[in-house]
Structures are given as structure tokens and as C-alpha cells.
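In my numbering, the protein residues as written are 604 to 1023.
We put the CB at the ideal spot given by N, CA and C, even for glycine.
Source: prediction; values computed, not measured.
For reference, the structure discussed in these notes is given below.
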Amino acid sequence: MDYFALKNGVMHAEDLPLSVIAEAVGTPVYVYSRATLERHARVFKDALAHLPRTHIAFAIKANPNLAVLKVMSREGLGADVVSGGELARALAAGMPGHDIVFSGVGKTGTEMIQGLEAGIGQFNIESEEEGVELAAIAAARGQVAACALRVNPDVDARTHEKISTGKAENKFGVPIDRAAGIYARLNALPGMDLRGVAVHIGSQLQELEPLEDAFVKLGELIGELRSGGQVVSHADLGGGLGVPYKAGEVFPTPAEYGAMVGRVCQDWDVTLQFEPGRVICGNAGVLLTRVIRVKRSSNGAPFVVVDAAMNDLARPAMYGAWHDFDAVEPNGSRMVANVVGPICETGDTFAMGRDVDALEAGDLAVFRTAGAYGATMASSYNSRGFVCEVMVDGDKFAVVADRILPAAITAAERVPDWLE
């Protein structure tokens, strides 16, 4: 469910025609719906309301825009961050340090210090080596780092291989069969308060069974740790719930997920932590684009060349991902077309041989469900600028990220004197 819909033949974001946004700021532009973000955050919270102790940390990597994070903060969500930059964004959006979880396999010493200075609620440790380094840094500063040990349960998430994070061959977490020993050794170090365990097996999951398998293994580990005299007060269950990108796809609802968590984790006696991202912001955004031209082909479907490209929305080129593609003002006619961008690379495609609304040069269209892993993965490939982002609230909108033009990017570069 989202608040992007046709009204009087024109697609709106909430109560605002998308054509108004295009006229004001140009294209391509990401358009976020505040109402959709708020609705999804509340649905997720409601799905967990029956659990006694919970903490929800929005996965900033899904959409790090400060306005989006402000909406999450106002809804009472904390942040799951994976870099010092994301930590700074969370703090800038008003999220208190104690509501921030710092994940990721490659935290640097500088980032560890940033987290300690911010008083973050938890570091998710991904290796014994990382834990030793963090403990030493904290002890040298006269601090204690609150941590959870991320385990790798060797569970197949049944998702795209590039976003699977819980199999033995993936880089994340410590092997679950070695976790008890690592937990005990780390917890004996000065500067370390290892208080829990964490797991995250992947993104865009279409089934609950892999999650349940991982949680069952995590519960067994909690029992083993407690039997060995260790304290376990927190269990971070990560994120991963997927969203439908095309009509007919069926995904577990937050309510179904919450019911499964309650059944599997009811006897753990811990604070359960969650890191939703895509499930909250995925369909809360669209990428609005304009058709440059329709290029007729002598041996197949025409090419609809739009002004958005793989540098603006990388998922189709990177993952072969599907995004529904709809005209802003559909005329009722259809066409089979290849929707492509202007970048000088064959992989700059969005939809090949797809049945879409009939379009002509100058028409506006949207790539739907683009609120997660969209602008955050953008680049300046082909010396293109960075896309603009706006947020809609009812019948008004505001620019929440300026369009960065190629000239601004070039201005940050230098030619050394010895090349003059």
C-alpha cells in the first residue's frame, strides 16, 4: 500500500500531481511520500506491539536522506548504521546515540571512536578480531563498549546472491558453531560489555521460513551461552523483509513476521531488536523521469530512452531487478518497449521487451518502488550529476536533496601544477 495513485488521469504523490514536481525541479527526481513512510513505520511497530521489550532501528543504508530519517525519528525509530557517515546522518536527524546500532564488517578504529563518542547503544561485532580492537580502544578511553556478537547461522535466505548475508561463504558474522567460545573470550576483555547476539541473513526475503530457521539457531545459542554463565540480555534479529516490485508478487506482512517472532522467541527473555529498511521505505518513493525520445527499431521493440539512467537507479543493472514503469498521464494505449537510459553502456536498461503505457518524447513516467536502494546507490558515471530528491506532504513538496550538477563535481577536482 502506498500513496501514489492516479487522480483525474494524472498520477499523484498524495494530493500533488507529479507533473507539478517535474515542472518545478526538472527530471529525473526521486519523490518520497511522507504519509507512506509514516504509515509503514506504524504498521511495523504495531506488528511487534505484542512483544514485551523491543527496539526498532531503521536501516539507514536503505535510504539515508535526512528528511526520511527525520520521519523515522519522529516515529520513534532508532538507526542501524554501517559507517561513520551514516552515524553522522542519524545524529543530524535527531536520533539519540543510545538508539543507534553500529553494524558492518569493516568498522575502522576511527569509526569505533566515533561510536564511543556518540554514546551509541550497541556495536554489532562481526569478528573476534574486531571485538579485540574495539575493547582495546574503549579501555584506553576509559569507556566500555556495549556490544552484540553477530553470528553467521549458515542459512540460505533464498534471495539474490548479492544480498544474501547468512550463508557460511558470506563475509558477515562469526560461524555460529564457534560463537560461544568467541563470546566468552571477548566478554573477559576490559572495555567490553558483550550483552547479546545478532543475526541478519539477507535482504528482500520472500519467505519467513529462512528467518525462522536462523532464529531457532540463535535461540539455541542463547541457551548455550547462558548455560556457560554468560549474560544475554539482547537479541538483534536484523531485517530482511521484502516488498513486491511487480504485480502478483506476495510477501510476508509485518504482522505475519511479528507473529512468527513471538512464537519462536517467546521464551528468550531478552530485548528484541529489529532493523527494517526496505519494508518501510521501498514503495514510499518513485523515480520520476521524462522520455527523451522513442527510438524505432528495425528488428524488435522500440527503445524508450528516458533521462534517468543506471547511475540514478542502479538496481536493474546491478541485480536484474524489476521496477514497474508507469506513465504519469496514461492515455489508455499500450506498447511493448525497451526502456533504457542515456548512459554509454549496454547494461543501462530498466525494462526490456516489456508491455508498458504508450509513451512519446516529453512524456513523464515513474519507476515505482524506488524509495529503497535508489538515490543512496547513485553515482556520477558518464559525468552525470546526482539526482534531486523531494518529499511530498499532502499537497505540498520540498526539495530534500539538491541536484548536484556535473560542474559542482568537477569543481572538487584538481590538476597538479606539474601537469600544467
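Query raised in the report: DSSP on Gly956, reduced to helix/strand/coil?
Result: Working through the sequence shown from its first residue, we reach residue 956 at position 353. Note: Gly956 maps to strand in three-state DSSP.
Query raised in the report: At what residues does the alpha helix (DSSP H) containing Cys868 begin and finish?
Result: Here the question's residue 868 lines up with position 265 in the sequence shown. According to the DSSP assignment, Cys868 belongs to the alpha helix (DSSP H) that extends over Pro857 to Cys868.
Query - Secondary structure of Ile728, DSSP reduced to three states - result: Taking the sequence shown and counting its residues from 1, one reaches residue 728 at position 125. Strand.
**Report entry** Length of the line joining the Cα atoms of Gly681 and His701
**Finding:** The count along the sequence shown starts at 1 and reaches residue 681 at position 78. The count along the sequence shown starts at 1 and reaches residue 701 at position 98. Each residue's alpha carbon lies about 8 Å from the other.
Report task. Report yes if the C-beta distance between Ala721 and Leu690 is below 8 Å; otherwise report no. Result -> Within the sequence shown, residue 721 is the residue found at index 118, counting from 1. Within the sequence shown, residue 690 is the residue found at index 87, counting from 1. Yes, they are a contact pair.
Query raised in the report: What are the uninterrupted segments assigned as beta strand (DSSP E) that are 3 or more residues long and contained completely in the segment 648–727, given in chain order?
Result: 657–662, 681–684 and 703–705
Requested in this report: Taking 8 Å as the cut-off, decide whether the C-beta atoms of Ile883 and Leu640 are in contact.
Outcome: Taking the first residue of the sequence shown as 1, we reach residue 883 at position 280. Taking the first residue of the sequence shown as 1, we reach residue 640 at position 37. Result yes, Cβ atoms of Ile883 and Leu640 sit closer than 8 Å.
Query raised in the report: Can you tell which of Leu672, Asn668, Asp605 and Ile624 has its C-alpha closest to the C-alpha of Val646?
Result: Your numbering for residue 646 matches position 43 in the sequence shown. Of Leu672, Asn668, Asp605 and Ile624, the residue nearest in Cα terms is Asp605.
Query raised in the report: Considering only residues of the same chain and omitting the five flanking positions on each side of Ser676, which have a CB-CB separation below 7 Å?
Result: If you number the sequence shown from 1, residue 676 lands on position 73. So the list reads Ala696, Gly697 and Met698, once near-sequence residues are dropped.
Report task. Could you tell me whether the segment 859–866 touches the segment 823–837, where touching means 3 or more Cβ pairs closer than 8 Å? Result -> They do not touch, by the three-pair rule.
Requested in this report: Provide the residue span of the alpha helix (DSSP H) that contains Lys820, from first to last.
Outcome: Reading the sequence shown from its first residue, position 217 is the one you call residue 820. Unbroken alpha helix (DSSP H) run through Lys820: Glu812 to Ser830.
Report task. Name the two residues that bound the continuous alpha helix (DSSP H) containing Asp626. Result -> As a working note, residue 626 is residue 23 in the sequence shown. With the sequence shown as reference, residue 626 is identified as Glu, and Asp is not the correct amino acid for it. Here the alpha helix (DSSP H) through Glu626 covers Leu621 to Val628.
**Report entry** Length at least 4, wholly inside the segment 895–928: the alpha helix (DSSP H) runs in chain order
**Finding:** Counting whole runs of 4 or more residues, the segment 895–928 contains the alpha helix (DSSP H) stretches 918–922.
Report task. Give the single residue among Asp1020, Ala917, Cys991 and Lys999 whose Cα lies nearest to the Cα of Gly629. Result -> Your numbering for residue 629 matches position 26 in the sequence shown. The residue with the shortest Cα to Cα distance from Gly629 is Cys991.
Requested in this report: Please go through the same chain and pick out, in chain order, the residues whose beta-carbon is closer than 8 Å to the beta-carbon of Glu731, but skip the five residues on each side of it.
Outcome: Residue numbering aside, residue 731 sits at position 128 when the sequence shown is read from its first letter. So the list reads Val777, Ile785, Arg788 and Leu789, once near-sequence residues are dropped.
Report task. List the endpoints of the continuous alpha helix (DSSP H) containing Leu789. Result -> As a working mapping, residue 789 is identified with position 186 in the sequence shown. Looking at the DSSP string, the run of the alpha helix (DSSP H) that includes Leu789 is Ala782 to Asn790.
Query raised in the report: Within this structure, are the beta carbons of Val754 and Ala791 separated by less than 8 Å?
Result: Counting from one through the sequence shown, the residue named residue 754 turns up at place 151. Counting from one through the sequence shown, the residue named residue 791 turns up at place 188. If you check the CB distance, Val754 and Ala791 do not come in under 8 Å.
Report task. State buried or exposed for Ser986, treating a residue as buried only when at least 16 other CB atoms are found within 10 Å of its CB. Result -> What you label residue 986 is simply residue 383 of the sequence shown in a count that begins at 1. Ser986 is exposed by the Cβ-count criterion.
Query raised in the report: How should Thr972 be labelled, buried or exposed, when 16 other C-beta atoms within 10 angstroms of its C-beta is the threshold for buried?
Result: Along the sequence shown, one-based indexing puts residue 972 at 369. Classification of Thr972: buried, given that the 10 Å Cβ count is 16 or more.
Query - Residues near Asp839 by beta carbon distance below 6 Å, same chain, minus five either side - result: Taking the first residue of the sequence shown as position 1, residue 839 is located at position 236. Taken in chain order, the residues that qualify are Ala751, Ala801 and Gln876.
Query raised in the report: What's the C-alpha gap between Arg805 and Lys774?
Result: The residue given as residue 805 occupies position 202 in the sequence shown. The residue given as residue 774 occupies position 171 in the sequence shown. A small fix is needed here, since residue 805 is Gly in this sequence, not Arg. Their Cα atoms are separated by approximately 12 Å.
Query - Sequence-distant residues of the same chain with beta carbon closer than 7 Å to Gly997, five excluded per side - result: Your numbering for residue 997 matches position 394 in the sequence shown. For Gly997, where only same-chain residues beyond five positions count, the Cβ hits under 7 Å are Glu617 and Asp618.
Requested in this report: Express the C-alpha separation of His926 and Tyr848 in angstroms, rounding to a whole number.
Outcome: The count along the sequence shown starts at 1 and reaches residue 848 at position 245. The count along the sequence shown starts at 1 and reaches residue 926 at position 323. About 6 Å.
Query - Separation of Asp870 from Leu654, as counted between CA atoms - result: Walking along the sequence shown from the start, residue 654 turns up at place 51. Walking along the sequence shown from the start, residue 870 turns up at place 267. Distance between the alpha carbons of Leu654 and Asp870: 11 Å.
Query raised in the report: If you draw a straight line from the alpha carbon of Glu852 to that of Val704, how long is it in whole angstroms?
Result: Within the sequence shown, residue 852 is the residue found at index 249, counting from 1. Within the sequence shown, residue 704 is the residue found at index 101, counting from 1. Using only the alpha carbons, I get a separation of about 32 Å.
Requested in this report: Going by CA-CA distance only, name the one from Ile1012, Arg918, Gly965 and Ala1010 that's closest to Ala978.
Outcome: Taking the sequence shown and counting its residues from 1, one reaches residue 978 at position 375. Among Ile1012, Arg918, Gly965 and Ala1010, the Cα nearest to that of Ala978 is on Arg918.
Report task. Work out the CA separation of Leu962 and Phe818 for me, nearest whole Å. Result -> To locate residue 818, count along the sequence shown from 1; it is residue 215. To locate residue 962, count along the sequence shown from 1; it is residue 359. Each residue's Cα considered, the two are about 48 Å apart.
Requested in this report: Could you say if the segment 734–745 and the segment 708–726 meet the contact criterion of at least three C-beta pairs nearer than 8 Å?
Outcome: Output reads yes: the segment 708–726 touches the segment 734–745.
Query raised in the report: Taking just the CA atoms, how far does Gly944 sit from Ile723?
Result: As a working note, residue 723 is residue 120 in the sequence shown. As a working note, residue 944 is residue 341 in the sequence shown. Using only the alpha carbons, I get a separation of about 41 Å.
Report task. Report yes if the C-beta distance between Glu859 and Leu811 is below 8 Å; otherwise report no. Result -> Start at 1 with the first residue of the sequence shown, and residue 859 comes out as number 256. Start at 1 with the first residue of the sequence shown, and residue 811 comes out as number 208. Yes, the pair counts as a contact, with Cβ atoms nearer than the cut-off.
Query raised in the report: Would you report the Cα separation of Ala741 and Lys673, rounded to the nearest angstrom?
Result: Within the sequence shown, numbered from 1, the residue matching residue 741 stands at position 138. Within the sequence shown, numbered from 1, the residue matching residue 673 stands at position 70. Looking at the two C-alpha atoms, the distance is approximately 30 Å.
Requested in this report: Answer with buried or exposed for Lys610, where buried requires no fewer than 16 other C-beta atoms within 10 angstroms of its C-beta.
Outcome: Locating residue 610 in the sequence shown gives position 7, counting from the first residue. Its Cβ having fewer than 16 others within 10 Å, Lys610 is exposed.
**Report entry** Member of Met795, Glu714 and Pro756 whose CA lies at the smallest distance from the CA of Ala749
**Finding:** For the purposes of this step, residue 749 is identified with residue 146 of the sequence shown, where counting begins at 1. It is Met795.
Requested in this report: State buried or exposed for Thr949, treating a residue as buried only when at least 16 other CB atoms are found within 10 Å of its CB.
Outcome: In the sequence shown, the residue the question calls residue 949 occupies position 346. By the neighbour-count rule (16 or more Cβ atoms within 10 Å), Thr949 is not buried but exposed.
Report task. Quick one: grab the DSSP three-state call for Glu992. Result -> On the sequence shown, position 389 is the one that residue 992 refers to. Correct three-state label for Glu992: strand.
Requested in this report: Tell me whether Asn902 is buried or exposed, calling it buried when 16 or more other Cβ atoms sit within 10 Å of its Cβ.
Outcome: As a working mapping, residue 902 is identified with position 299 in the sequence shown. The residue is exposed, with fewer than 16 neighbouring Cβ atoms inside 10 Å.
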